[in-house]
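Quick notes on the structure that follows.
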Ligand SMILES: Cc1cc2nc3c(=O)[nH]c(=O)nc-3n(C[C@H](O)[C@H](O)[C@H](O)COP(=O)(O)O)c2cc1C
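In UniProt numbering, the protein residues as written are 1 to 332.
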């Protein structure tokens, strides 16, 4: 069992936020799956994202990879709050938590969203152990809105909102969804930036940071795939795999980069002189398509492992597939 601040995750496997965790039916299947230790919801905004036919996904041939041009969920946060409440009420004896993924382009809207999640947690004495919140700071597909996580100074107004809420309610489990970074300085910028939020908590005297987990990595933006490289080979006569051409690459094509990100963050956090940073849990994602890839994520330093592309290909059977070795071991 892996504990992240207030929530317990067992087994240490989950879906990461994605288009296949959009509605109540998909969330119910993820929640009912015995191989998921938690369920992440698709990233919601306060009022819902305007989705059209340019927002889509394609799967590559020759490697279990995807490219997508999706923005955020068309469903507003209020829908996810209703669905999470429905599932938590349906099954009070379960301890499986939800990670509610949210984002906004302005801090005031984000503040309202975090408040709405805090209000949900307050509806039942045990729900702060069943609900975490993840700030998606790394979607590469939003026109005119580059992911704030590529420049730490753009992240600060949003992190301030989360920190404000955390100090008002330190039971809140908060994480950040980060993009694939490629330079050592980028990891240090994030870690040094997060460290500025650590405080000594009275009366225990313990050092505490509002941010309890990092999910690494999101998709790799500005990627290009031609339609003849996809499983449907451009059957509709299109030139590019996605209508906009450019999109976010995921799956096996980014596995090594995601592993490198997980390894760098876990190493730098473990070496930190700030005891609160050493507590931060890494959720590893990116090209997890086999039990071997799950094991590699753990070897790189992830305590929890997630997948999206494989969920898109196999549905919730993805999690039995990723648990194959553990199942085999249990049989012998
Ligand atoms: C179709 C699709 C939609 C996604 N939507 C989201 C999203 O709404 N929020 C988010 O934080 N990440 C999103 N992601 C990124 C995934 O959560 C994950 O970080 C990334 O795809 C790497 O994992 P994978 O290789 O298992 O796909 C999406 C990925 C895909 C493929």
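Where a beta carbon is used, it is the ideal one built from N, C-alpha and C, also for glycine.
Nonlocal neighbours in the same chain, by C-beta distance under 7 Å from residue i, ignoring five residues either side
i: residue 244; result: 54 and 69
i: residue 315; result: none
i: residue 331; result: Because the pLDDT of residue 331 is 46, which lies under 50, any placement of that residue in the model is unreliable, and the question is left without a value.
i: residue 319; result: 13, 33, 35 and 36
Among the options, the one whose alpha carbon lies nearest that of residue i
i: residue 220; options: 111, 227, 187 and 178; result: 178
i: residue 128; options: 211, 107, 5 and 149; result: 5
i: residue 20; options: 266, 2 and 42; result: 42
i: residue 120; options: 160, 77, 147 and 149; result: 77
i: residue 313; options: 37, 8, 60 and 201; result: 60
i: residue 246; options: 79, 112 and 67; result: 67
i: residue 146; options: 307, 31, 24 and 71; result: 71
i: residue 222; options: 211, 140 and 56; result: 140
i: residue 130; options: 118, 49 and 138; result: 118
i: residue 103; options: 169, 63 and 174; result: 174
i: residue 48; options: 26, 100, 79 and 28; result: 79
i: residue 297; options: 156, 275, 317 and 322; result: 322
i: residue 201; options: 112, 324, 275 and 157; result: 275
Proximity test, residue i beta-carbon vs ligand 1 heavy atom, cut-off 6 Å
i: residue 300; result: no
i: residue 18; result: yes
i: residue 193; result: no
i: residue 177; result: yes
i: residue 372; result: This structure cannot speak to residue 372, because the chain is shown only from 1 to 332.
i: residue 290; result: no
i: residue 307; result: yes
Own chain, CB closer than 6 Å to residue i, minus 5 neighbours either side, in chain order
i: residue 302; result: 262, 282 and 284
i: residue 228; result: 234
i: residue 135; result: 176
i: residue 51; result: 74
i: residue 300; result: 259, 262 and 263
Neighbourhood of residue i by C-beta, 8 Å cutoff - its chain only, sequence neighbours within 5 removed
i: residue 264; result: 181, 184 and 187
i: residue 277; result: 191, 194, 195, 198, 209 and 269
i: residue 65; result: 59, 249, 250, 251, 252, 253, 254, 287 and 309
i: residue 2; result: 8, 9, 10, 12, 37, 281, 303 and 304
Just list the beta strand (DSSP E) runs in the region 85–155, keeping only unbroken ones of 3 residues or longer that don't cross its boundaries, in chain order.
List check, beta strand (DSSP E) in window: 98–102 and 131–136.
My parser needs the beta strand (DSSP E) runs of 3 or more residues fully inside the region 156–203; what are they?
At a cut-off of 3 residues, the continuous stretches assigned as beta strand (DSSP E) that sit fully inside the region 156–203 are 173–178 and 199–201.
Please list the segments of the beta strand (DSSP E) lying wholly inside the region 207–234, counting only runs of 3 or more residues, in order along the chain.
The region 207–234 contains these whole beta strand (DSSP E) runs: 211–216 and 220–224.
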